[in-house]
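Note sheet for the following structure.
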Amino acid sequence: MVVILKEHPNEKQLENLKNWLGSLGLEIHTSTGAKHTILGLVGDTSVVDIDLIKALDIVEEVKRIQEPFKNANRKFHPKDTVVDVGGVKLGGGNFQFIAGPCSVETEAQICSIAQSVKKGGAGFLRGGAFKPRTSPYAFQGLRAEGIRLLLEAKKETGLPIVTELMDLNQLEYFDDIDVIQVGARNMQNFELLKELGHLRKPILIKRGMAGTLQELLMSAEYVMAGGNEQVILCERGIRTYETYTRNTLDLSAVPVLKSMTHLPVVIDPSHATGKAGLVRSMSLAAAAAGADGLMIEVHNDPQHALCDGPQSITPEAFDALAENVRQILPFCQYSYE
Ligand code: PEP
Ligand code: MN
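All residue numbers for the sequence shown refer to the working numbering, where the first residue is 7 and numbers rise by one.
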């Protein structure tokens, strides 16, 4: 990090600044030019609040040279992270389908979808029990009962479960859940992320609809700073001025994130497009872009789904999609290590 000072900085304020930076464990290299003095900061600058320095009277400009995320940074950990859930691996060349309904509705529904997507090649079953809905009058999910039904489906199929935790008071139900999903609306719920950092199970973080890639990585950093290194990133579309699709799928997020971080990156084409008819093409595009996996909403009766029916594909469509993706995967392996 480089701090450029204004001309003729107040000596006392400069000394205070240097003392403070020194107290953060940083080494300070001062170079005095004809007009400006520049402080070069060496050490772990991820602990420095850049805005605090910028706000000082004597400071003209502050530039970060190093990204503010360390644990998630590929520069410090070149090797791909492989998330391993009882032998089901995701990342580092291991592609996975995470498939299932938007919401768990009944035992028959979740178990039948679980059987179907397993046959189609899914490595994980998804399904929402605690649902973040825009309207308080919409179906809110079966909650604790939904978790119980997901675990029934897991017992029947052996598929590990990915499901969303909306609030820490729900954590007591998640002991046997394999991967905890943090939804787009909670990407920057820092207290939630910090607590999940104390767990030792994978956390799938969905990109907020107005979240930048750096912000997504900082959210991963929150979890990792607590010692939980098993984080999966999920691009699920961002909000733009386009209204034809539910969101706009930012596919360039895949190569950008993969160059910046060693964490696995998956794409959710269902929430990204909001249209079942677009899921297959966007899945293929995601695989071609180098994604480590796909999270896809699959429903046995999309027309009567309690949530997100229009973007849900049938088990038959999932079979065909997965087969198509497998055909192109051998051409889509890019190494960033
Ligand atoms: C979901 O996956 O069911 C979901 C609610 O997604 P998002 O948080 O991306 O909207
Ligand atoms: Mn959904």
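Note that beta-carbon positions come from the ideal geometry of N, C-alpha and C, so glycine has one too.
Beta-carbon proximity check, residue i vs residue j, cutoff 9 Å
{"i": "residue 278", "j": "residue 243", "result": "yes"}
{"i": "residue 117", "j": "residue 163", "result": "yes"}
{"i": "residue 126", "j": "residue 152", "result": "no"}
{"i": "residue 318", "j": "residue 282", "result": "yes"}
{"i": "residue 188", "j": "residue 166", "result": "no"}
{"i": "residue 21", "j": "residue 42", "result": "no"}
{"i": "residue 271", "j": "residue 240", "result": "yes"}
{"i": "residue 226", "j": "residue 257", "result": "no"}
{"i": "residue 8", "j": "residue 23", "result": "no"}
{"i": "residue 235", "j": "residue 77", "result": "yes"}
{"i": "residue 300", "j": "residue 292", "result": "yes"}
{"i": "residue 324", "j": "residue 114", "result": "no"}
{"i": "residue 183", "j": "residue 211", "result": "no"}
{"i": "residue 255", "j": "residue 224", "result": "no"}
{"i": "residue 57", "j": "residue 32", "result": "no"}
8 Å contact criterion, which residue i and residue j should meet: CB distance rounded
{"i": "residue 128", "j": "residue 103", "result": "4 Å"}
{"i": "residue 30", "j": "residue 48", "result": "That belief does not hold up - the Cβ atoms of residue 30 and residue 48 are roughly 12 Å apart, past 8 Å."}
{"i": "residue 109", "j": "residue 313", "result": "4 Å"}
{"i": "residue 269", "j": "residue 330", "result": "Not confirmed; about 26 Å, so no contact."}
{"i": "residue 298", "j": "residue 97", "result": "5 Å"}
Buried or exposed (CB count within 10 angstroms, at least 16 for buried), residue i
{"i": "residue 228", "result": "buried"}
{"i": "residue 146", "result": "buried"}
{"i": "residue 305", "result": "buried"}
Member of the options whose CA lies at the smallest distance from the CA of residue i
{"i": "residue 280", "options": "308, 66 and 42", "result": "308"}
{"i": "residue 219", "options": "105, 266 and 323", "result": "266"}
{"i": "residue 92", "options": "336, 160, 331 and 30", "result": "160"}
{"i": "residue 136", "options": "259, 149 and 298", "result": "149"}
{"i": "residue 230", "options": "313, 327, 122 and 83", "result": "83"}
{"i": "residue 191", "options": "32, 138, 64 and 16", "result": "138"}
{"i": "residue 335", "options": "275, 35 and 99", "result": "99"}
{"i": "residue 68", "options": "39, 60 and 204", "result": "60"}
{"i": "residue 214", "options": "259, 208 and 182", "result": "259"}
{"i": "residue 221", "options": "120, 207, 75 and 36", "result": "75"}
{"i": "residue 107", "options": "94, 142, 155 and 87", "result": "155"}
{"i": "residue 2", "options": "94, 144, 140 and 111", "result": "Outside the shown range of the chain (7 to 343) lies residue 2, about which nothing can therefore be said."}
Beta strand (DSSP E) segment containing residue i, residue limits
{"i": "residue 96", "result": "94 to 96"}
{"i": "residue 338", "result": "Note, residue 338: premise wrong, no beta strand (DSSP E); not H, not E."}
{"i": "residue 69", "result": "65 to 69"}
{"i": "residue 117", "result": "Segment 113 to 126 is the alpha helix (DSSP H) holding residue 117; no beta strand (DSSP E) there."}
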